[in-house]
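Numbering of the sequence shown is given in numbering that gives the first Met the number 0, commencing with residue 0 and proceeding in unit increments. A virtual CB, placed ideally from N, CA and C, is assigned to each residue, including glycine. What follows is a short report on a single structure.
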Amino acid sequence: MGEALRVLSVLAAFGLMMLAQPAFAQVNAEAIFQQRCKGCHEPPIDRAISRAEMRQREADAMVQILTRGVMAPMAQGLTRQEINALAFHLTGRPPGQAARGPQPGAQPSDPICKAHPPVQASASDWNGFGRDPQATRHQPNPGGLTAANVARLKPKWSFSLSGGKYGQPTVIGRHLFVASYGGHAFSLDADTGCVHWRADLGSASRTSPVLGQVGGRWVVFVGDSNSDVHALDANTGKRLWTTNVETHERSRLTGSPALHEGVLYVPTSSAEETITSVATYECCTFSGSVIAIDAKTGKIRWKRKLLPDAKPTRKNAAGTQMYGPAGAAIWSQPAIDPKRRHVYVATGDSYTEVKESMSDAVVALDLGTGRVVWANQVTEDDNFLVGCGAQRGINCPLGDIGPDYDYGASPIPVTAGGKALVLSGQKSGIVYAMDAATGKLVWQTKVGAGSAIGGIEWGMAYDGRLLFAANSDAGARKDPKPGLYALNPATGKVVWSAPAPTPTCSFKAPRCSNAYAAPPSAMPGVVFTGTHDGWLRAYDSRTGKKLWEDDTAGRKYVTVQGVKDQPGGSVDATGPVLAGGRLFVLSGYSGSSGGFGNPLNVLIAYSVDGR
0 MGEALRVLSV LAAFGLMMLA QPAFAQVNAE AIFQQRCKGC HEPPIDRAIS
50 RAEMRQREAD AMVQILTRGV MAPMAQGLTR QEINALAFHL TGRPPGQAAR
100 GPQPGAQPSD PICKAHPPVQ ASASDWNGFG RDPQATRHQP NPGGLTAANV
150 ARLKPKWSFS LSGGKYGQPT VIGRHLFVAS YGGHAFSLDA DTGCVHWRAD
200 LGSASRTSPV LGQVGGRWVV FVGDSNSDVH ALDANTGKRL WTTNVETHER
250 SRLTGSPALH EGVLYVPTSS AEETITSVAT YECCTFSGSV IAIDAKTGKI
300 RWKRKLLPDA KPTRKNAAGT QMYGPAGAAI WSQPAIDPKR RHVYVATGDS
350 YTEVKESMSD AVVALDLGTG RVVWANQVTE DDNFLVGCGA QRGINCPLGD
400 IGPDYDYGAS PIPVTAGGKA LVLSGQKSGI VYAMDAATGK LVWQTKVGAG
450 SAIGGIEWGM AYDGRLLFAA NSDAGARKDP KPGLYALNPA TGKVVWSAPA
500 PTPTCSFKAP RCSNAYAAPP SAMPGVVFTG THDGWLRAYD SRTGKKLWED
550 DTAGRKYVTV QGVKDQPGGS VDATGPVLAG GRLFVLSGYS GSSGGFGNPL
600 NVLIAYSVDG R
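What follows is the structure, encoded as structure tokens:
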């Protein structure tokens, strides 16, 4: 009865008394939490968040996580009414009533651009997550932005994105393209943030759009959490084709595709790693893969699974059949090596105790056929599921549990010291250089302590002279070294380092960290990086001297949609984008590292003096 009154009182505060249904109030949400959630969240294990952190999330975001996100396996069998009740119980907010803010295309008052020039490439474009097919995250032509005027960067406009995560943009000429965790793709004017068009994808997206000219027109390619790849007309948003690349029920697309010579190379990842406590789930069967798609037609040319088909192994304590091997998810953009006709990917951990050689590895595939040319597994037996700590969930791998040292960062093919190398950074805090032709290890350098959410998390940058590695070390138990590191790519020697300052979160969060988890981005003379506590910093790329910083969470934004008092938050998972004299960054990440639990994140456009 007390819970029912609590529900009604909150609904009354929203002026929604007529929507209060007794059935919603009568659900024993605490019992559901104790049965399905407590094992990982009270106290929090590994990357799981605490109940206090859940309290800061919006109910709609919680419903999405439970229905389509990583927690869907734990909610299997629950009715929508029970899921809504659980979301309300954990957040204190009724689903459907969060102040999401207007999303473009939904209201007549949306800021639709008065002029819509056709998409046209420029010398200052940033295309895809890594800017180029080699994933260098280096902008050689920043379009008027220089080391001398970086200190004058100020916000020019901002744009609210639903979902509270992800959304690194692509910029082609005057057009900015971005996909959201709320399931939308947008084309914005890069100078003002006004909206050219919105397309509904049908599922949350974590990928950065990639553009190319196909059949005489500009096309936007973007992936989603249903493992669908969508091709949209860049000038209108009209859907040209949609191709599903993976039917596994727990698969999803997180790494952005790479486009080369009319072929789209798409990596697959999964949420099967979170399936620890579902006793009836036949764990685990997912294998990371790369799919080559004809960019014009959407037809699959080849698909390469990295692990052999999973086979029955044993039964769990509930009598459910278990399988293996599984894992080797690919979280990041593939990198293209046109000279050797290779596509390089870096893989995640193993989900089972079954031996295999493709998890925690850098893998070279033949561009034309998908044949494995070489693979270098840097961490063996990293067998891990979320929640397999001291409590040992029912589906946990047998034996020792791995450190969860996934590769979350793209490999980068370079030529340095007269050698063709593939550079990669792992969550272990180790940077590796491998021979591009054979995969043989050339050097390795440890820059951080490493952890499940630490080390080199989401990416590195290479400016043709130095390699820049942002080290997170969030959650590291011993001697964490968060900061930015510049390495000689030929030798692995650390040229300079910039330790992370003491964390100063301007937003309310149970965990405030100075982790440098976001991937850095480079331009001539400058390297930018973002931090978990919401700061964006620029360093002299030759010396490591700090040139500029801004607390993206230290102000409230009035966005182009008219959202007032839009907060910022963590800068994590996506990095700065440099194009046309502007810097674009996402602030407000609410992922596993404990970021601010806001239902919106904000895309901020910086320019010199805010002009």
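DSSP has Ser161 in a bridge; who is on the other side?
According to DSSP, which records beta bridges pairwise, Ser161 is partnered with Leu599.
In its own chain, which residues sit with a C-beta less than 7 angstroms from the C-beta of Asp199, not counting the 5 before and 5 after it?
Counting only Cβ-Cβ distances below 7 angstroms, and skipping sequence neighbours, we find Gly182, His183.
According to DSSP, is Ala98 helix, strand or coil?
Residue confidence for Ala98 is low, a pLDDT of 37 falling below 50, so the modelled location carries little weight; the figure read from the coordinates is stated next. Looking at Ala98 - three-state DSSP - the assignment turns out to be coil, as it is neither helix nor strand.
If I follow the unbroken beta strand (DSSP E) through Phe527, where does it start and stop?
Taken as a continuous stretch (DSSP letters only), the beta strand (DSSP E) holding Phe527 covers 525 to 529.
Evaluate Arg476 with the Cβ neighbour count: other Cβ atoms within 10 Å of its Cβ, from every protein chain shown; 16 or more gives buried, anything less gives exposed.
Exposed, since its Cβ has fewer than 16 Cβ neighbours within 10 Å.
With the cut-off set at 9 angstroms, would you say Val170 and Val576 are in Cβ contact?
Yes, Cβ-Cβ distance for Val170 and Val576 is below 9 angstroms.
Taking the beta strand (DSSP E) that Ile429 falls in, what are its first and last residues?
From DSSP, the beta strand (DSSP E) with Ile429 extends over 429 to 434.
Take Thr242 as the anchor and find which of Thr235, His195, Ala291 has the nearest alpha-carbon.
Closest option to Thr242, Cα to Cα, is Ala291.
Buried or exposed: Asp308, going by 16 or more other Cβ atoms within 10 Å of its Cβ?
Exposed, since its Cβ has fewer than 16 Cβ neighbours within 10 Å.
So the beta strand (DSSP E) Arg313 belongs to, where does it begin and stop?
Unbroken beta strand (DSSP E) run through Arg313: 310 to 314.
Would the stretch 464 to 482 and the stretch 150 to 157 be scored as touching if the rule is three or more Cβ pairs under 8 angstroms?
No contact exists between the stretch 464 to 482 and the stretch 150 to 157.
From Pro481 to Ser159, what distance separates their C-alpha atoms?
Roughly 29 angstroms separates the two Cα atoms.
Keeping to the same chain, check which residues put their C-beta closer than 6 angstroms to that of Thr304; ignore five residues upstream and five downstream.
Position check: residue 304 holds Lys in this sequence, whereas Thr was assumed. Hits under 6 angstroms: Ser286, Ser288.
My output table needs one value for Lys37: the three-state DSSP class, helix, strand or coil.
Helix, per DSSP.
Would you mind stating whether Ala360 and Ser268 have Cβ atoms separated by less than 9 angstroms?
Not in contact: Ala360 and Ser268 (Cβ atoms no closer than 9 angstroms).
Can the beta-carbon of Pro168 be found closer than 9 angstroms to that of Leu602?
A contact, by the Cβ cut-off of 9 angstroms.
Mind the definition here: the stretch 545 to 561 touches the stretch 130 to 145 only if three or more C-beta pairs lie below 8 angstroms; say whether that holds.
The stretch 545 to 561 is not in contact with the stretch 130 to 145.
Give me the Cα-Cα distance between Gly491 and Gly580, rounded to the nearest whole angstrom.
Using only the alpha carbons, I get a separation of about 32 angstroms.
Can you tell me which of the three DSSP states Glu548 falls into?
The answer is strand: DSSP assigns Glu548 an E or B state.
Are there three or more Cβ pairs, one per stretch, closer than 8 angstroms when the stretch 187 to 207 is compared with the stretch 224 to 232?
Output reads yes: the stretch 224 to 232 touches the stretch 187 to 207.
Would DSSP call Ile274 helix, strand or coil?
Of the three classes helix, strand and coil, the one that applies to Ile274 here is coil, per DSSP.
Using the beta-carbon count (16 or more within 10 Å), is Val446 buried or exposed?
Val446 is buried by the Cβ-count criterion.
Inspect the beta-carbon positions of Val559 and Ser157 and report whether they are closer than 9 angstroms.
For Val559 and Ser157, yes; Cβs fall inside 9 angstroms.
Are there 16 or more other CB atoms within 10 angstroms of the CB of Glu245, so buried, or fewer, so exposed?
With 16 or more Cβ atoms within 10 Å of its Cβ, Glu245 is classed as buried.
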